[in-house]
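Trainee:
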Amino acid sequence: MIRAVAVLTALLVLPASAHAQSGGAAAPTARGFTAAPAIVTEGGSVTFTAKVTPKALARVDVIAPGKPAVRTKLGRVGASGTIKATWTAALTPGKYTARLVVTIGRSKQYFRRPLTVGAKPAAPAPPAPPATLTSTGSRIFPVQGPFNFGGELSRFGAGRTGHIHQGQDVAAAEGTPVVTPIAGTVFQVAYQASGAGYYVVIAGVDGRHYVFMHLKADSTVVAKGAPVAPGQRIANVGNTGGSDGPHLHFEIWVNGWWATKASAPIDPLPELQAWATAAA
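Using mature numbering (1 follows the signal peptide of the UniProt record, and there is no 0), the letters of the sequence shown correspond one by one to residues -20 to -1, 1 to 260.
#1: Near Y76, what residues of its chain come up, given a Cβ to Cβ distance below 6 Å and the 5 sequence neighbours on each side ignored?
#2: Tell me the residue span of the beta strand (DSSP E) that contains P48.
#3: Closer than 6 Å by C-beta to P110: which residues in its own chain qualify, once you throw out the five before and the five after it? Chain order, please.
#4: Using the C-alpha atoms, what's the distance from P207 back to S25?
#5: If we call anything under 9 Å between Cβ atoms a contact, is A176 one with M193?
#6: Output needed for V201: all residues of its chain with C-beta closer than 8 Å, excluding positions within five of it in sequence on either side, in chain order.
#7: Give the C-beta separation of R119 and P161 to the nearest angstrom, bearing in mind that I take them to be a contact with Cβ-Cβ under 8 Å.
#8: If the criterion is Cβ atoms closer than 9 Å, does the pair I144 and A138 meet it?
#9: When you compare only the Cα positions, how much space is there between G131 and R140?
#10: Taking all protein chains shown into account, decide if K241 is buried (16 or more other Cβ within 10 angstroms of its Cβ) or exposed.
#11: If we count the other Cβ atoms within 10 Å of its Cβ and call it buried at 16 or more, is P8 buried or exposed?
#12: Here's the rule I'm using: 16 or more other beta-carbon atoms within 10 Å means buried, otherwise exposed. How should K100 be labelled?
#13: Flag this pair as yes or no: are the beta carbons of T68 and K47 separated by less than 9 Å?
#14: Measuring alpha carbon to alpha carbon, tell me which residue in S60, A65, A16, G61 is nearest T52.
#15: Can you give the beta carbon distance from L195 to I19, rounded, assuming they're within the 8 Å contact cut?
#16: Can the beta-carbon of L228 be found closer than 9 Å to that of P122?
#17: With DSSP run on the structure shown, which of helix, strand or coil describes P126?
#18: Would F28 pass as a contact of A36 if the rule is Cβ separation under 9 Å?
#19: Out of curiosity, what's the CA-to-CA distance linking G182 and H189?
#20: What residues in its chain sit with their C-beta under 6 Å from that of D149, if we drop five residues either side in the sequence?
#21: Please work out which residues of its chain come closer than 8 Å, Cβ to Cβ, to E22, disregarding the five sequence neighbours upstream and downstream, and give them in chain order.
#22: G211: which of G218, G164, Y179, G221 sits nearest, CA to CA?
This is the structure:
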């Protein structure tokens, strides 16, 4: 075990003296143990909360196979039984378990929650020159300015609370033009406050659907049903909806966008990388 390098503050009452109870004492309990957010970028903050048996000793261990545990002692729980602690994720990226340990006398109980620490986004790459379009079937990179593909949490399939990430995040400065990589028809223009923010869906001429999320407010310049050409601007990079920084969330769907049970997103990163390379 190593002492946590993180800054941790706890809402605990620490009596002047405390006495260990005998091995026959009732087992301590904890209700509603949470670690939020469950996915945090390294250097970010996680808040642990729980309702614990008063007078129990409490600590939080952040553990992972093959890695030294980070242990933080919270002390003896006060009469209210409430603990709330903020921890800074000064750990290497990876999947961890936040383990709350509560003890009374010789009786000890463990309560666990999953925790993922993601890498900090890389610095933006130099801007790529505009791609040359040769036909209506050509593809063009959707972000027209400096960008990067971020870290593990930006990838297709990355864990999210209650679901998985269904696209690829492309980090870029807010206001950077977003264009359609393919000719097609605007299938949807909408807004989702708690998720996608302002978004556009393009039905491509190749039969697939292309989705652009977290667009800047009032930047969308296409309407539902309108035809679009490869490289045509549809909006600008934004930070709307459930977004934690300016970026384009980009998806590619086969068999329609939420059309039938056969509809499904695919990993767009290989194609995005190919388009970026072709534009260089």
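We put the beta carbon where it would ideally sit given N, CA and C, even for glycine.
Mentor: If we stick to the structure as given:
#1: Stepping through the sequence shown from its first residue, residue 76 is reached at position 96. Closer than 6 Å at the Cβ level, and outside the excluded window around Y76, lie V42, A44, L95.
#2: In the sequence shown, the residue the question calls residue 48 occupies position 68. Element bounds for P48: 47 to 56.
#3: Numbered from its first residue, the sequence shown carries residue 110 at position 130. Because P110 sits at a pLDDT of 44, beneath the cut-off of 50, its placement in the model cannot be relied upon, and the following sentence gives the value as read from the coordinates. Closer than 6 Å at the Cβ level, and outside the excluded window around P110, lies no residue.
#4: For this step, residue 25 is matched to residue 45 along the sequence shown. For this step, residue 207 is matched to residue 227 along the sequence shown. Cα to Cα, S25 sits roughly 45 Å from P207.
#5: One-based indexing of the sequence shown puts residue 176 at position 196. One-based indexing of the sequence shown puts residue 193 at position 213. In this structure, M193 lies closer than 9 Å to A176 by Cβ.
#6: Start at 1 with the first residue of the sequence shown, and residue 201 comes out as number 221. If we look at V201 and ignore the five residues flanking it on each side, its Cβ neighbours are R213, I214, A215.
#7: Here residue 119 corresponds to residue number 139 of the sequence shown, with the count starting at 1. Here residue 161 corresponds to residue number 181 of the sequence shown, with the count starting at 1. Rounded to the nearest angstrom, the Cβ distance from R119 to P161 is 5 Å, consistent with a contact under 8 Å.
#8: Taking the sequence shown and counting its residues from 1, the one referred to as residue 144 is at position 164. Taking the sequence shown and counting its residues from 1, the one referred to as residue 138 is at position 158. Going by C-beta atoms, I144 is nearer than 9 Å to A138.
#9: Position 151 of the sequence shown, counting from 1, holds the residue named residue 131. Position 160 of the sequence shown, counting from 1, holds the residue named residue 140. If you take the alpha carbons of G131 and R140, they lie about 14 Å apart.
#10: To locate residue 241, count along the sequence shown from 1; it is residue 261. It is exposed - the Cβ of K241 has fewer than 16 other Cβ atoms within 10 Å.
#11: The residue labelled residue 8 in the question sits at position 28 within the sequence shown. When all chains shown are included, P8 counts as buried.
#12: Numbered from 1 along the sequence shown, position 120 holds the residue referred to as residue 100. For K100, the number of other beta carbons within 10 angstroms of its own is below 16, and it is reported as exposed.
#13: Within the sequence shown, numbered from 1, the residue matching residue 68 stands at position 88. Within the sequence shown, numbered from 1, the residue matching residue 47 stands at position 67. No, they are not a contact pair.
#14: Against the sequence shown, residue 52 aligns to sequence position 72. Checking every option, the nearest Cα to that of T52 belongs to A65.
#15: One-based indexing of the sequence shown puts residue 195 at position 215. One-based indexing of the sequence shown puts residue 19 at position 39. The pair is not a contact, with the Cβ atoms about 23 Å apart (cut-off 8 Å).
#16: Here the question's residue 228 lines up with position 248 in the sequence shown. Here the question's residue 122 lines up with position 142 in the sequence shown. Taking 9 Å as the Cβ cut-off, L228 and P122 qualify as a contacting pair.
#17: Numbered from its first residue, the sequence shown carries residue 126 at position 146. The answer is coil: DSSP assigns P126 none of H, G, I, E or B.
#18: Residue mapping note: residue 28 aligns to position 48 of the sequence shown, counting from 1. Residue mapping note: residue 36 aligns to position 56 of the sequence shown, counting from 1. Not closer than 9 Å, so no.
#19: Counting from one through the sequence shown, the residue named residue 182 turns up at place 202. Counting from one through the sequence shown, the residue named residue 189 turns up at place 209. In the sequence under discussion, the amino acid at residue 182 is Ile, which differs from the Gly named in the question. Between I182 and H189, the C-alpha separation is close to 6 Å.
#20: Here residue 149 refers to the residue found at position 169 of the sequence shown. Closer than 6 Å at Cβ, skipping near neighbours: G130, S134, H227, H229.
#21: Mapped onto the sequence shown, residue 22 falls at position 42. For E22, where only same-chain residues beyond five positions count, the Cβ hits under 8 Å are A69, A70, L71, T72, P73, V97, G98, A99, K100.
#22: Numbered from its first residue, the sequence shown carries residue 211 at position 231. Here the closest residue by C-alpha is G164.
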